[in-house]
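Under this note's numbering, the first residue of the sequence shown carries the number 69, and numbering increases by one thereafter. Glycine included, every Cβ here is placed at the ideal spot set by N, Cα and C. These numbers were taken from a predicted model, which means no experiment stands behind them. Inspection log for the structure reproduced underneath, given as structure tokens.
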Amino acid sequence: MSVRVRFAPSPTGYLHVGGARTALFNWLYARKMGGVHILRIEDTDRERSTEAHTQVILDGLRWLGIEWDEGPYFQGAFGARHRADAERLLAEGKAYRCFCTTADLDAQRKAMAGMKTAFRYDGRCGRLGAAEVEAKVAAGTPSAIRFRMPQGEIAWDDAVHGRISFQGHDLDDLVILRSDHTPIYNLAVVSDDIEMRITHVIRGDDHVSNTPKQIALYRALGHEPPVFAHVPMILGDDGKKLSKRHGATAVGDYQDKGILPAAMRNFLALLGWSPGGDREILPEAEMIAAFSLEGIQKKPAVFDTAKLEWMNGQYLSQLSADALLAPTERELARMGVTAPGRDLRPLIDSVKARSRTILNIAEQVAVRLDPSRVVRDAKGEQLAAKLGTAFSANLAVVADALDRIPAAEWHSDRILADMKALAEARGAKLGDLLQPVRVVLTGSTVSEPVNDLLVVVGREESLARLNAGVRT
Ligand code: GLU
């Protein structure tokens, strides 16, 4: 049996990181098993579904490198089959016509309000005699079609959670076709999954309560249900369900923040799945090889933005300055920084190891290009306070020594050798001499080695900034 899985988003909003993670697991499983990954857009909610949302979902998946082998199919195009399935269940007595109006149902709901159970349809239309039903139909009374929920246990072996069991009598006789002949979600999904020969349904935990209803529908339609794998929820760092309160939840927001698609994908894969051991950086081929439904965890996953940024930093540091040039230039342009004719690649190389995002790279490059962007951070201020007058005295000594290096010899080794000699001659610590330089050139006490920093900032610009630093 070859594996066929599907990602079935509803285009009623942007691509949420939870949806992207579901898509990723489906894709990984298909690739692992040599199966087929299908994209099905569930656009049956006419009011909330839009083409713009569909486009955002497709763009997000493409950006993440999650491919599909079939589709996108649009569920709205399969209305005729959904109706035919509902009619078939009706003809076979597995469903019945329900003539209850919204007002009837509200009255039932009110009557049940005192009891401590959730509302359940009382099944009254299921008890109507054939003649009565025919008379109502003949009189043109609108009717929905309700599925007759079988009694007894409905259970499945979830690939993530193990055995999950419900009792049919706890479940509603659910509407499958509305009186306007539009299908209800549970019917449309089952009808499509049967038609598309889906073997494994991998989706969010929030669907667990739909699954017994869908299993009952599968069986009523004469098919064995697929394997179900319900993946855990994603929580924010406070243990609550991930929402906008926690920050960005749309995949597109991370794209805008300069997160690399490979890093985002790696991060999403580890939300609720583990390859075993403590491996974290997983290139595509390794991720596919290691993926299994058994490796999906039961407990909710926590979305840790700091970890995402760390991971992005790992991926960034592996990219060449050539590859980072265009995105960095885009970010710089957005910041209003231009450097016509300047090769930015040495600057990118110099800062990428200490950067977590493209934005970080651009910010550091900007500081090295433009002295007006140097803002002293708390640690820089602390250092200046600690050194007191030695801060500018050290700067003056260093500036003087650097001034003696001719432009043609302004390279990292020469600068380091001269600075070591200077420290030795003065009986000073190299760090004490150089930290003020770092603060004046970048505003911060953390950067690439100071000799490298001086090279990328350039001789004239460095000396100008140091001399200005001495005077303040
Ligand atoms: N369209 C459903 C959703 O967006 C998914 C249905 C499913 O995966 O079975 O939640």
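Pull the bridge partners of residue i from the DSSP assignment, please.
i: K309; result: L303
i: H84; result: A318
i: A145; result: Looking at the DSSP assignment, A145 forms no beta bridge with any residue, so it has no partner.
i: H105; result: V73
i: F551; result: Residue numbering for the chain in the displayed model covers 69 to 540; residue 551 lies beyond these limits and cannot be assessed.
i: A212; result: C166
i: E138; result: I106
i: V538; result: Its beta-bridge partners do not exist; DSSP assigns none.
i: P251; result: L245
i: W95; result: According to DSSP, W95 bridges with nothing at all.
i: V370; result: L303
Could you tell me the boundaries of the beta strand (DSSP E) in which residue i lies?
i: Q235; result: G230 to Q235
i: V269; result: H268 to G272
i: F167; result: Run containing F167: none; DSSP gives neither H nor E here.
i: E221; result: E221 to D226
i: V243; result: V243 to L245
What's the gap between the Cα of residue i and the Cα of residue j?
i: H121; j: V466; result: 58 angstroms
i: Q143; j: T112; result: 6 angstroms
i: I426; j: V524; result: 18 angstroms
i: N380; j: E160; result: 56 angstroms
i: D137; j: A154; result: 29 angstroms
i: G139; j: M355; result: 24 angstroms
i: S259; j: M101; result: 24 angstroms
i: S460; j: A430; result: 29 angstroms
i: I252; j: L239; result: 16 angstroms
i: H298; j: G86; result: 12 angstroms
i: A401; j: D226; result: 50 angstroms
i: D174; j: Y322; result: 44 angstroms
i: I488; j: L498; result: Inspection of the sequence shows that residue 488 is occupied by Lys rather than by Ile. Their backbone Cα atoms lie some 7 angstroms apart in a straight line.
i: V71; j: V295; result: 10 angstroms
i: A452; j: L502; result: 12 angstroms
i: V370; j: G272; result: 15 angstroms
i: E202; j: R151; result: 19 angstroms
i: V435; j: L336; result: 32 angstroms
i: P79; j: A145; result: 15 angstroms
Less than 8 angstroms between CB atoms is the rule here; does residue i satisfy it with respect to chain D?
i: L501; result: Given the protein chain composition of this structure (a single chain), no chain D is represented.
Return the first residue and the last residue of the alpha helix (DSSP H) that residue i is part of.
i: L35; result: The first residue shown for the chain is 69 and the last is 540, placing residue 35 beyond what the model contains.
i: H121; result: E119 to L132
i: V435; result: I426 to L437
i: T373; result: T373 to Q386
i: P414; result: R413 to V419
i: T396; result: A389 to M403
i: G448; result: A446 to L455
i: E354; result: E352 to A358
i: M487; result: S480 to R494
i: V205; result: A198 to A206
i: L498; result: L498 to T510
i: F187; result: Note, F187: premise wrong, no alpha helix (DSSP H); not H, not E.
i: I283; result: T279 to A288
Below 8 angstroms, can you find three or more Cβ-Cβ pairs linking the stretch 208 to 216 to the stretch 165 to 185? yes
So does the stretch 284 to 291 actually touch the stretch 90 to 102, counting three or more Cβ pairs closer than 8 angstroms? no
Using 8 angstroms as the Cβ pair cut-off and three pairs as the minimum, do the stretch 365 to 374 and the stretch 322 to 334 touch? no
Quick check: the stretch 256 to 271 against the stretch 187 to 204, are at least 3 beta-carbon pairs closer than 8 angstroms? no
Taking one C-beta from the stretch 509 to 520 and one from the stretch 476 to 488 each time, how about it: are there three or more such pairs within less than 8 angstroms? yes
Below 8 angstroms, how does it come out for the stretch 344 to 351 and the stretch 268 to 283: are there three or more Cβ pairs, yes or no? no
Evaluate the contact criterion for the stretch 230 to 247 versus the stretch 74 to 84: three or more CB pairs, one atom per stretch, below 8 angstroms. no
Count the C-beta pairs between the stretch 430 to 445 and the stretch 507 to 514 that are closer than 8 angstroms, then say yes if the count reaches three, no if not. yes
Check whether the stretch 310 to 329 and the stretch 412 to 419 are in contact - that is, three or more C-beta pairs closer than 8 angstroms. no
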